[in-house]
Amino acid sequence: MFEARLVQSAILKKVLDAIKDLLTEATFECSDSGIQVQAMDNAHVSLVSLNLRSDGFDKYRCDRNLSMGMSIAMSKILRCAGSEDTVTLRAVDNPENITFIFESPNKEKLAEYEMKLINMDQEHLGIPETSYSCVVKMPSQEFSRICRDLSQFGESITFACSKEGIKFSATGDYGQATVKLAQTADADNEEEAVVVNMQEPVKLTFSCRYLNCFIKAGPLCAQVQLSMSNDVPLVCEYKIGDIGHIRYYLAPKIDDDEEN
Amino acid sequence: MFEARLVQSAILKKVLDAIKDLLTEATFECSDSGIQVQAMDNAHVSLVSLNLRSDGFDKYRCDRNLSMGMSIAMSKILRCAGSEDTVTLRAVDNPENITFIFESPNKEKLAEYEMKLINMDQEHLGIPETSYSCVVKMPSQEFSRICRDLSQFGESITFACSKEGIKFSATGDYGQATVKLAQTADADNEEEAVVVNMQEPVKLTFSCRYLNCFIKAGPLCAQVQLSMSNDVPLVCEYKIGDIGHIRYYLAPKIDDDEEN
Amino acid sequence: MFEARLVQSAILKKVLDAIKDLLTEATFECSDSGIQVQAMDNAHVSLVSLNLRSDGFDKYRCDRNLSMGMSIAMSKILRCAGSEDTVTLRAVDNPENITFIFESPNKEKLAEYEMKLINMDQEHLGIPETSYSCVVKMPSQEFSRICRDLSQFGESITFACSKEGIKFSATGDYGQATVKLAQTADADNEEEAVVVNMQEPVKLTFSCRYLNCFIKAGPLCAQVQLSMSNDVPLVCEYKIGDIGHIRYYLAPKIDDDEEN
């Protein structure tokens with residue numbers, strides 16, 4: 009039997025909002041240690057890696073490892089949860105269905121949604137742990153805003169990171185746009201700080217289309233962490249409360265030297 | 009001459025919002041006792057019955073019974089009323105037009121909208137007063153939410169009522185959904201109470217499409233009353249302040265036994 | 009060199025919102041005394057005249073008169089400014105580009121948008137100063153509301169001004185609408201006052217389509233001023249803080265006598 013309970017259904021809603029634009033279906037792998045999703049987006053360009061640790065749940069039990077293929081109907085179901093509701097996920101050991109149970113705080117409303125599981129090919133991807141040339145932490149709202157703003161000016165955004173800070177730029181039909189963020193001098197408010205950890209400078213260009221999917225995770229966490237090295241995929245990471253994290257991987261575009 | 013005056017134009021706006029999705033035109037029957045509308049929806053499946061008592065108006069005068077056919081342009085006109093405006097409806101005895109007069113609280117703005125009446129065939133329907141097996145009162149917001157949520161899962165919703173409470177369920181392509189509401193133990197806050205008055209259990213299935221029109225009346229009243237007997241139409245009733253009420257009637261779907 | 013700096017970028021955003029529905033491109037004429045735009049709308053029916061005085065800016069420098077043709081992409085750029093940002097416009101003496109610089113209050117975010125200028129034919133229009141038969145000041149929100157409301161009833165609105173106040177009316181398929189505003193008796197709150205300054209009564213009819221473009225300037229100023237004489241264009245003027253103003257000119261429709 010599998011059972012996982014979260015007092016705050018809102019977190020799970022936000023998690024689904026963070027993946028539903030990239031994945032129309034996904035395999036949720038449940039084990040004693042927690043729930044994992046790892047999948048390429050539909051166009052096989054970016055990779056989503058979601059991790060929810062069992063100890064982050066208010067109740068968690070997983071007698072046998074399960075791979076549950078879920079369609080994105082799951083996000084429709086989660087939208088039916090009230091903002092104060094407790095959510096429980098439940099499945100038998102060889103499940104054909106998963107049940108979502110929402111309970112109102114006063115216990116007078118009980119909603120059960122039973123969703124058919126789907127069969128999916130397993131593609132398990134090993135993601136090597138690497139150390140990165142630059143690791144930038146910044147407010148996730150600021151990052152979202154910059155991605156949206158610069159998307160108006162071109163199809164891709166160049167991230168250039170140096171000791172002073174990080175610079176985002178885009179070029180398009182009606183001109184050129186640049187946004188520079190300086191390292192925060194004093195980190196009074198940790199959530200609003202911009203912190204750059206740099207081994208060596210990097211300059212990488214990414215597709216706006218994917219960046220604009222990643223920023224859907226913004227509501228999960230006040231800060232986003234960008235890990236970059238030249239010629240390797242960007243890692244864009246959002247913490248999920250005390251439960252886990254979501255990471256997006258995206259390979260840089262290969263440009264002609266002239267363009268940079 | 010006919011004249012009816014309401015200090016709160018907002019009520020009339022909400023009434024129009026509650027019928028405009030079902031009726032593109034309707035006959036307003038005005039008499040000494042008040043204003044009545046009774047009409048089948050355009051597809052002739054559900055019935056709307058609206059009642060505004062003359063004593064609920066701040067001023068009311070109706071020298072001769074009138075049947076005024078109004079197009080739903082009326083809801084456009086009411087949208088032009090300010091939220092603080094007083095509204096007056098006025099017509100002569102053999103009217104070709106009806107005039108809506110909106111006055112601002114400081115009397116410095118006066119708006120008059122004269123609308124042409126339309127000729128409509130009168131279909132007067134007798135609705136027998138019946139006693140029902142189950143009468144459920146519940147928060148109208150909760151009812152709206154449930155109808156909207158379950159509409160995502162199928163084309164119809166089954167209402168099952170027993171001593172414990174009321175259960176709503178829907179089945180569709182990606183699974184099954186059930187929402188159970190228990191009777192409220194103590195009715196501290198009357199507006200949030202769920203109260204079930206049951207003679208015998210009922211189980212009835214209704215089309216989502218119509219339910220989702222009925223819930224447009226939600227803003228009129230904090231509570232909705234559902235009256236049900238097996239094999240007879242549901243009555244879904246919202247009180248309109250101290251002025252009257254709106255009732256929607258909808259016949260249950262006839263299902264195969266297997267499906268229930 | 010040209011440089012103009014405004015601590016409140018919000019004002020410039022609102023100015024662009026006020027012209028972008030009428031003009032897809034416009035020449036900004038910059039001189040020592042300030043910035044001017046004067047252009048017919050795309051259909052050559054109405055005229056927009058925008059004036060921003062140099063002394064209204066927090067910093068202003070214009071070494072040589074410049075005519076800069078800007079596409080309405082400018083409003084996209086201004087949408088990228090944070091609500092607290094300071095905005096600076098900068099160009100060289102024979103510019104091919106103009107640069108918009110947004111600085112956050114803490115100086116840690118610096119965004120630069122460089123926009124290509126476009127070549128435009130200069131059409132300089134002399135607008136004679138005239139005295140008008142009626143000058144009406146009224147709350148811009150009220151004027152916006154009336155234009156939007158009456159647009160539902162017809163394609164044009166008739167403005168009739170007399171000592172008592174101003175009357176707006178429209179006639180269409182389903183009836184007739186009239187809104188009368190009386191002069192405010194006591195002007196406790198200047199922003200909410202309706203003030204009519206009348207030499208002789210006027211009655212003029214204007215196209216809703218243009219009026220609904222003009223009211224986009226509403227957020228710039230709590231009051232709008234309407235200047236009218238029979239058979240000459242309406243002037244609809246909004247002040248822009250302490251910096252300047254925007255004026256819209258619109259010729260009245262010529263109706264058959266019967267219609268009035």
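Protein chains in written order, with the working numbering: chain A, 9 to 268; chain B, 9 to 268; chain C, 9 to 268. Every residue gets a Cβ at the ideal spot worked out from N, C-alpha and C, and that includes glycine.
Proximity winner among the options, relative to residue i (alpha-carbon distances)
i                 : options                                : result
GLN207 of chain A : A:LYS28, A:ALA230, A:LYS188, A:SER141  : A:SER141
SER235 of chain B : B:GLU200, B:CYS244, B:CYS229, B:PRO227 : B:CYS244
ALA230 of chain A : A:SER237, A:VAL202, A:ARG217           : A:VAL202
ILE154 of chain A : A:GLU11, A:LEU189, A:ALA99, A:MET128   : A:LEU189
ASN102 of chain A : A:ARG255, A:ALA81, A:ILE126            : A:ILE126
GLU37 of chain C  : C:ASN238, C:ASP129, C:ALA89            : C:ASP129
GLY77 of chain C  : C:ASN59, C:ARG61, C:ALA47              : C:ALA47
ILE254 of chain A : A:LYS22, A:MET9, A:GLN16, A:VAL95      : A:LYS22
PRO227 of chain B : B:THR186, B:SER148, B:SER139, B:TYR257 : B:SER148
THR138 of chain B : B:LYS115, B:LYS224, B:SER237           : B:SER237
LYS28 of chain C  : C:GLU11, C:HIS52, C:SER83              : C:SER83
ASP196 of chain B : A:ASN197, A:ALA26, A:ASN114            : A:ASN114
LYS211 of chain B : B:GLY249, B:ASN50, B:LYS224, B:PHE167  : B:PHE167
ASP40 of chain C  : C:LEU60, C:ASN205, C:ASN50, C:GLY180   : C:LEU60
ASP71 of chain A  : A:VAL204, A:TYR218, A:GLU11            : A:GLU11
Rounded straight-line distance, which links the Cα of residue j to that of residue i
i                 : j                 : result
LYS67 of chain B  : GLN184 of chain C : 24 Å
GLU172 of chain C : VAL144 of chain C : 12 Å
VAL240 of chain A : ASP93 of chain A  : 41 Å
ARG69 of chain C  : LEU24 of chain C  : 21 Å
LYS175 of chain A : ILE251 of chain A : 31 Å
LYS247 of chain A : CYS169 of chain A : 22 Å
ILE43 of chain A  : VAL100 of chain A : 16 Å
ASN268 of chain B : PHE151 of chain B : Note on ASN268 of chain B: pLDDT 40, under 50, position unreliable in the model; the coordinate value appears next. Each residue's alpha carbon lies about 22 Å from the other.
PHE108 of chain B : TYR121 of chain B : 5 Å
LEU158 of chain A : ASP194 of chain B : 55 Å
LEU118 of chain A : GLY90 of chain A  : 11 Å
ARG87 of chain A  : SER54 of chain A  : 26 Å
ASP63 of chain C  : ARG98 of chain C  : 17 Å
ARG13 of chain A  : PHE65 of chain A  : 6 Å
SER79 of chain B  : MET146 of chain B : 32 Å
MET9 of chain B   : VAL232 of chain B : 35 Å
VAL187 of chain A : ALA34 of chain A  : 35 Å
LEU258 of chain C : ILE19 of chain C  : 24 Å
ILE85 of chain C  : GLU199 of chain B : 49 Å
PHE214 of chain C : LYS261 of chain C : 6 Å
PRO136 of chain A : LEU31 of chain A  : 22 Å
MET123 of chain B : ASN105 of chain B : 5 Å
GLU116 of chain A : LYS224 of chain A : 33 Å
Three-state secondary structure (DSSP) of residue i
i                 : result
CYS88 of chain A  : coil
TYR68 of chain B  : strand
MET76 of chain A  : strand
ILE154 of chain B : helix
MET22 of chain B  : Reading off the sequence, residue 22 of chain B comes out as Lys, not Met. LYS22 of chain B: helix per DSSP, three-state reduction.
PRO227 of chain A : helix
TYR182 of chain A : coil
ARG163 of chain C : The amino acid at residue 163 of chain C is misidentified as Arg; the sequence shows Glu. Here GLU163 of chain C sits in coil by DSSP.
ASN205 of chain C : strand
GLN149 of chain C : helix
ASN220 of chain C : helix
MET6 of chain A   : The structure shown does not extend to residue 6 of chain A, since chain A is modelled only from 9 to 268, so the question has no answer here.
MET9 of chain A   : coil
ILE109 of chain B : strand
Same chain, Cβ closer than 6 Å to residue i, five either side skipped, listed in chain order
i                 : result
ILE192 of chain C : Note that residue 192 of chain C is Thr in the sequence shown, not Ile. For THR192 of chain C, where only same-chain residues beyond five positions count, the Cβ hits under 6 Å are ALA201, VAL202.
GLU266 of chain B : Here GLU266 of chain B scores only 42 on pLDDT, less than 50, and its place in the model is too uncertain to base an answer on.
PHE110 of chain C : ALA89, ASP93, VAL95, ALA119
Chain-order list of residues whose beta-carbon lies under 8 Å from that of residue i (same chain, five-residue window excluded)
i                 : result
CYS216 of chain A : CYS155, LEU158, SER159, GLY162, GLU163, SER164, ILE165, ALA178
VAL15 of chain A  : ASP66, THR94
ASN220 of chain B : CYS155, ARG156, SER159
HIS132 of chain B : GLN46
Sequence-distant residues of the same chain with beta carbon closer than 7 Å to residue i, five excluded per side
i                 : result
TYR218 of chain B : VAL53, SER54, LEU258
Within 7 Å of chain A by C-beta, residues of the stretch 77-101 of chain C in sequence order: SER79, ALA81, LYS84, CYS88
Residues of the stretch 167-187 of chain A with Cβ closer than 7 Å to any Cβ of chain C, in chain order: TYR182, GLY183, GLN184, ALA185, THR186, VAL187
Members of the stretch 120-132 of chain A near chain B, C-beta cut-off 7 Å: GLU120, TYR121, GLU122, MET123, LYS124
Near-chain A residues of the stretch 15-41 of chain C (beta-carbon distance less than 7 Å), N- to C-terminal order: none
Under 9 Å (Cβ pairs) to chain C, residues found in the stretch 216-234 of chain A: none
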